[in-house]
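J.: Before I ask anything, here is the structure I am working with.
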Amino acid sequence: ENIKVATWLAARGTLNLSVFTSVYGLAGGLLPFFVLVPSYFHGDISLGTMFQIEGIIGGVRQSLDFFVGAYGEIAVWRAATERLLALEAWVKHQEEHFSSSSSSSSLLSGP
């Protein structure tokens with residue numbers, strides 16, 4: 021049952037990440053125009069200014085794209101790190117358990 025829950029949570033997380041990156045990619049290209057077009061049609065900014073602002077927003081978006089694209093890899097790295105730390109803690113616990121049991125058994129067995 022725990023395996024089913026873990027698999028379901030992993031699949032759900034992957035789906036959420038895929039949906040977010042897809043929406044982010046689609047909205048990132050269109051959203052600046054939707055925000056700037058009313059100002060253009062109202063006459064507040066010129067066409068050149070609108071495209072300059074869109075270029076600036078595009079540069080910022082490219083910088084943020086790294087984090088959006090690398091999030092999956094960072095999550096995998098973090099999960100692997102947590103598993104390795106849990107394994108290390110378990111090994112230390114086992115070493116302490118066996119070292120204390122072997123020292124008490126050597127006292128009982130004599131010289």
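Here our numbering is used: the first residue of the sequence shown is 21, the next is one more, and so on. All residues carry an ideal CB built from backbone N, CA and C; glycine is no exception.
1. Please report the residue range of the alpha helix (DSSP H) in which residue 48 lies.
2. Please report the straight-line C-alpha distance between residue 92 and residue 40, rounded to a whole angstrom.
3. Counting only runs that start and end within the segment 82-113, where is the alpha helix (DSSP H) found for 4 or more residues in a row?
4. Could you pull out every residue in the same chain whose Cβ sits closer than 8 Å to the Cβ of residue 52, ignoring the five residues on either side in sequence?
5. Among 27, 30, 37, which one has its Cα closest to the Cα of residue 90?
6. Compare the Cα-Cα distances from residue 83 to each of 34, 48, 26 and report the closest residue.
7. Given this structure, state the Cα-to-Cα distance separating residue 62 from residue 56, to the nearest angstrom.
8. Does the distance from the CB of residue 88 to the CB of residue 44 come in under 8 Å?
9. Distance check for residue 26 and residue 98, CA to CA, integer angstroms please.
T.: Taking the definition as stated:
1. Walking along the sequence shown from the start, residue 48 turns up at place 28. Unbroken alpha helix (DSSP H) run through residue 48: 22-62.
2. What you label residue 92 is simply residue 72 of the sequence shown in a count that begins at 1. What you label residue 40 is simply residue 20 of the sequence shown in a count that begins at 1. Taking the straight line joining both Cα atoms gives about 12 Å.
3. Taking only runs of at least 4 residues, no alpha helix (DSSP H) segment lies wholly in the segment 82-113.
4. Position 32 of the sequence shown, counted from the start, is the residue given in the question as residue 52. 73, 74, 77, 78, listed in sequence order.
5. Counting from 1 along the sequence shown, the entry for residue 90 is found at position 70. In terms of CA proximity to residue 90, 37 leads the group 27, 30, 37.
6. The count along the sequence shown starts at 1 and reaches residue 83 at position 63. Measuring from the Cα of residue 83, the nearest candidate turns out to be 48.
7. As a first step, residue 62 must be located in the sequence shown, where it is residue number 42. As a first step, residue 56 must be located in the sequence shown, where it is residue number 36. Each residue's alpha carbon lies about 10 Å from the other.
8. As a first step, residue 88 is located in the sequence shown; it is residue number 68 there, counting from the start. As a first step, residue 44 is located in the sequence shown; it is residue number 24 there, counting from the start. At the C-beta level, residue 88 and residue 44 come within 8 Å of one another.
9. Reading the sequence shown from its first residue, position 78 is the one you call residue 98. Reading the sequence shown from its first residue, position 6 is the one you call residue 26. Computed Cα separation, rounded: 16 Å.
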